[in-house]
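Trainee:
There are 2 protein chains.
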Amino acid sequence: MNYDALKLENQLCFPLYACAREIVKRYKPFLDEIDLTYTQYIAMMVLWEHRQVTSKLLGEKLRLDSGTLTPVLKKLEEKGLVDRARDPQDERNLVVTLTPRGEALRTAAARVPEQMAACVSLEPDEAATLYKLLYKLLGNN
Amino acid sequence: MNYDALKLENQLCFPLYACAREIVKRYKPFLDEIDLTYTQYIAMMVLWEHRQVTSKLLGEKLRLDSGTLTPVLKKLEEKGLVDRARDPQDERNLVVTLTPRGEALRTAAARVPEQMAACVSLEPDEAATLYKLLYKLLGNN
DNA sequence: CTATAATTAATTGTGTCCAATTTAATAAAG
DNA sequence: CTTTATTAAATTGGACACAATTAATTATAG
């Protein structure tokens, strides 16, 4: 019996898994400067863009469920970066809103993508191809 | 000030991060059948190929440190799939060896890559490109 | 040979992730 | 209007992932 398909080097999943962790690791020194974890950072990204979102919408954008999101949002609230409140129109919904302090962090955060760009050794066209392939993989969920 | 670089949709890191989690999630039903988590599965892959490795080498291959690996290997030992023992030549090293039961699992595991292939909607050439780009990204660590 | 350095696992603490369940609120059906 | 179904967050439990520290062993320098 041929077990080649079971070799680590023949997996597509493994470099994907390793790469994702590697990139998060490369973000860490830059994110440390603004005291955010990677998960907190991508949550803040959505808030910087929209200022206010429901937990449900945030979860859809980040592809994370409440089990992950709830503690992250509580942490961001603790840091004074967001407010958490129920929607009076529908109390099932949690509305997350950027605070002035959260908004203020945006300027410092803007330097992160610049710094990261220097860390990724892909040509622009390679990055574009990678981006497209990843979204194609994600697409059919 | 232009904050476009801070938008989630303009990140390369995010689809990478989301994709990695998505793929692990798609593995789950197949891995459940052989009672392995994803991390346990990739550790077993190395063992199926080499039968015996040090914890250090395994960590290098999987890009995981002892903080992650130690509990995973203890779990695999609990399940009777591997043995854990110190190297008599150098007691700092932990030698992990496949048990007959671990070896026996290989046949069942061989079906996992087949089943997964059907789950990934990329053309062979696209998968090859993705593979190459991911390893290029990983390369310069 | 002995003190110091280096190497390897294990441990500790924090923060995800996710499946499954629970709780609360709203919607829909009868 | 009330019972049932649906929806959304929170909670719980298990398993990573990693930085930092500790402990044990081996190597090296003087």
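If you're matching them up, the sequences are chains Y and H in order.
Residue numbering for the first sequence follows this note's numbering, beginning at 1 and increasing consecutively.
Residue numbering for the second sequence follows this note's numbering, beginning at 1001 and increasing consecutively.
Where is the CB? At the ideal position from N, CA and C, for every residue including glycine.
So the candidates are Y:Leu137, Y:Tyr41, Y:Leu12, Y:Ala127; which of them puts its Cα closest to the Cα of valine 112 of chain Y?
Mentor: Y:Tyr41
Trainee: Helix, strand or coil for asparagine 1002 of chain H? Go by DSSP, reduced to three states.
Mentor: In the structure shown, asparagine 1002 of chain H adopts coil according to DSSP, grouped into three states.
Trainee: For the candidate residues Y:Ala110, Y:Leu57, Y:Pro29, Y:Tyr38, whose alpha-carbon lies nearest to that of leucine 76 of chain Y?
Mentor: Y:Tyr38
Trainee: Threonine 37 of chain Y by DSSP, collapsed to three states: which one?
Mentor: DSSP places threonine 37 of chain Y in coil when its eight states are reduced to three.
Trainee: Would you give the residue range spanned by the alpha helix (DSSP H) that glutamine 115 of chain Y belongs to?
Mentor: 111-117
Trainee: Identify, in the order they occur along the chain, each residue of the same chain with its Cβ nearer than 7 Å to the Cβ of threonine 1107 of chain H, setting aside the five sequence neighbours on each side.
Mentor: The beta carbon of threonine 1107 of chain H sits closer than 7 Å to no other beta carbon from its chain once the five residues preceding and following it are set aside.
Trainee: When burial is assigned at 16 or more other CB atoms within 10 Å of the CB, is proline 15 of chain Y buried or exposed?
Mentor: The residue is buried, with at least 16 neighbouring Cβ atoms inside 10 Å.
Trainee: Taking Cβ-Cβ distances below 8 Å as the criterion, which residues of the segment 14-41 of chain Y are in contact with chain H?
Mentor: Taking 8 Å as the Cβ-Cβ cut-off against chain H, the residues of the segment 14-41 of chain Y that qualify are Phe14, Pro15, Leu16, Tyr17, Ala18, Cys19, Ala20, Arg21, Glu22, Ile23, Val24, Tyr27, Tyr38.
Trainee: Are the beta-carbon atoms of isoleucine 34 of chain Y and alanine 109 of chain Y separated by less than 7 Å?
Mentor: yes
Trainee: Note down the Cα distance separating asparagine 141 of chain Y from valine 1120 of chain H, rounded to an integer number of angstroms.
Mentor: With a pLDDT of 45 at asparagine 141 of chain Y, under the threshold of 50, the predicted position of this residue should be treated as unreliable, though the coordinate-derived value follows. Cα-Cα distance, rounded: 10 Å.
Trainee: Taking 7 Å as the CB-CB limit, is lysine 1007 of chain H close to chain Y?
Mentor: yes
Trainee: Name the chain Y residues that come within less than 7 Å of proline 1113 of chain H, Cβ to Cβ?
Mentor: Residues of chain Y passing the Cβ test: Ala5, Leu6.
Trainee: Within the 7 Å Cβ cut-off, does tyrosine 131 of chain Y reach chain H?
Mentor: yes
Trainee: Which of the three DSSP states, helix, strand or coil, is assigned to arginine 1092 of chain H?
Mentor: strand
Trainee: Closer than 7 Å, Cβ to any Cβ of chain H: which residues of the segment 78-100 of chain Y, in chain order?
Mentor: none
Trainee: Taking only beta-carbon positions, decide if alanine 127 of chain Y is within less than 7 Å of chain H.
Mentor: yes
Trainee: Helix, strand or coil: how does DSSP classify asparagine 141 of chain Y here?
Mentor: Here asparagine 141 of chain Y scores only 45 on pLDDT, less than 50, and its place in the model should not be relied on; the value that follows carries that caveat. Three-state DSSP puts asparagine 141 of chain Y in coil, outside helix and strand.
Trainee: Going along chain Y in order, which residues have a C-beta closer than 9 Å to the C-beta of leucine 1138 of chain H?
Mentor: Pro15, Ala18, Cys19, Glu22
Trainee: Would a check of beta-carbon distances place arginine 1063 of chain H closer than 7 Å to chain Y?
Mentor: yes
Trainee: From what residue to what residue does the alpha helix (DSSP H) around threonine 1054 of chain H run?
Mentor: Careful: threonine 1054 of chain H lies outside any alpha helix (DSSP H), inside the beta strand (DSSP E) at 1052-1054.
Trainee: Going by C-alpha to C-alpha distance, which of H:Leu1062, H:Gln1052, H:Lys1028 sits closest to proline 1100 of chain H?
Mentor: Selected option, being the one with the closest Cα: H:Gln1052.
Trainee: Less than 7 Å between CB atoms is the rule here; does leucine 1073 of chain H satisfy it with respect to chain Y?
Mentor: no
Trainee: Under three-state DSSP, which class holds arginine 21 of chain Y?
Mentor: Three-state result, arginine 21 of chain Y: helix.
Trainee: I'd like to know whether the C-beta of leucine 1012 of chain H is nearer than 7 Å to at least one C-beta of chain Y.
Mentor: yes
Trainee: Do leucine 1081 of chain H and glycine 1067 of chain H have their beta-carbon atoms positioned less than 7 Å apart in this structure?
Mentor: no
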